[in-house]
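Enquirer: Just dropping this structure here.
What follows is the structure, encoded as structure tokens:
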């Protein structure tokens, strides 16, 4: 795989709500097919307008769940979420998608192309759904509510992650040790700090090395600052 085809910069992908993370830790996020959001915001209010014009007349119904669609092609794509079929393959990595649009969105993580721009600030996104979620940071709209507490969020995946604080579910497992996490981000941080061989950050006072700058800072504060005092 040619390095020239891949954007080497850490991807700026917001995981729905603002996550304060280390800039040197790349985030990994799963992409799924979405309906193209037209980005209509009037007087700061989010529009629910979607380009497939879904309505009560949806006539294609999933026989497994309650999903309804106006087009047979949309139902076909949806069915793949049940069967696990992912016929669209990335030329750059092992990614596979349920639709051509999902693959197009994914390839932007390699090319760095971000065609969806916010009209309020400088934010740009690889997908229309990410832009839609971002716009809620301007409108303050949090349509996803927890049924067990008063928590509200702007993104369904963030709500799903929050629900694990109630259920105790930790589906993301480390392949090296027994560590389990509630989110892929937490597992990524664990892997970089605990098991990564790429320890490019060094302590200036000793031979200690770590894969992240913050880990070195924590080491210095713990092992060296007390000695100076």
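Numbering (our numbering), first residue to last: 4 to 232.
We put the beta carbon where it would ideally sit given N, CA and C, even for glycine.
1) Taking the runs of the alpha helix (DSSP H) that are 4 residues or longer, which of them lie wholly in the region 94 to 121?
2) Would you be able to state if there are at least three C-beta pairs under 8 Å between the region 181 to 188 and the region 201 to 209?
3) Out of curiosity, what's the CA-to-CA distance linking residue 222 and residue 192?
4) Do you know offhand how far residue 82's Cα is from residue 100's?
5) Applying the criterion that 16 or more other CB atoms from any shown protein chain within 10 Å of the CB defines a buried residue, is residue 85 buried or exposed?
6) Going by DSSP, name the residue or residues bridged to residue 213.
7) Counting only the same chain and skipping the five closest in sequence on each side, list residues whose C-beta sits under 6 Å from that of residue 64.
8) From which residue to which residue does the alpha helix (DSSP H) around residue 82 run?
9) May I ask which residues mark the beginning and end of the alpha helix (DSSP H) holding residue 192?
10) Can you tell which of 78, 74, 162 has the C-alpha that lies nearest to the C-alpha of residue 66?
11) How would you call residue 219, buried or exposed, if buried means at least 16 neighbouring beta carbons within 10 angstroms?
12) From the DSSP secondary-structure annotation, give me the bridge partner or partners of residue 176.
13) Measure the CB-CB distance between residue 137 and residue 126 and report whether it falls below 9 Å.
14) Going by other Cβ atoms of all chains shown within 10 Å of its Cβ, with 16 needed for buried, is residue 50 buried or exposed?
15) Please classify residue 150: does DSSP put it in a helix, a strand, or coil?
16) What whole-angstrom Cβ distance do residue 3 and residue 75 have, given they're in contact under 8 Å?
17) Can you grab the Cα-Cα spacing for the pair residue 47 / residue 117, in whole Å?
18) Among all the DSSP beta bridges, which residues are the ones paired with residue 127?
19) So, using beta-carbon positions, are residue 213 and residue 196 closer together than 9 Å?
20) Report the rounded CA-to-CA distance for residue 216 versus residue 227, giving the unit in angstroms.
Expert: Taking the coordinates as given:
1) 103 to 114
2) no
3) 16 Å
4) 13 Å
5) Residue 85 is classed as exposed because its beta carbon has fewer than 16 other beta carbons within 10 Å across all chains shown.
6) 204
7) Cβ within range, chain order: 71.
8) 75 to 86
9) 187 to 197
10) 78
11) buried
12) 183
13) yes
14) Confidence is the limiting factor: at residue 50 the pLDDT is only 41, short of 50, which leaves the residue's position unreliable, though a coordinate-based value still follows. Exposed is the call here.
15) Here DSSP, grouped into helix, strand and coil, assigns residue 150 to coil.
16) Absent from the structure is residue 3, since the part of the chain shown begins at 4 and ends at 232.
17) The pLDDT assigned to residue 47 is 42, lower than 50, so where the model puts this residue is not dependable, and the model offers no usable value.
18) 120
19) Yes, Cβ-Cβ distance for residue 213 and residue 196 is below 9 Å.
20) 16 Å
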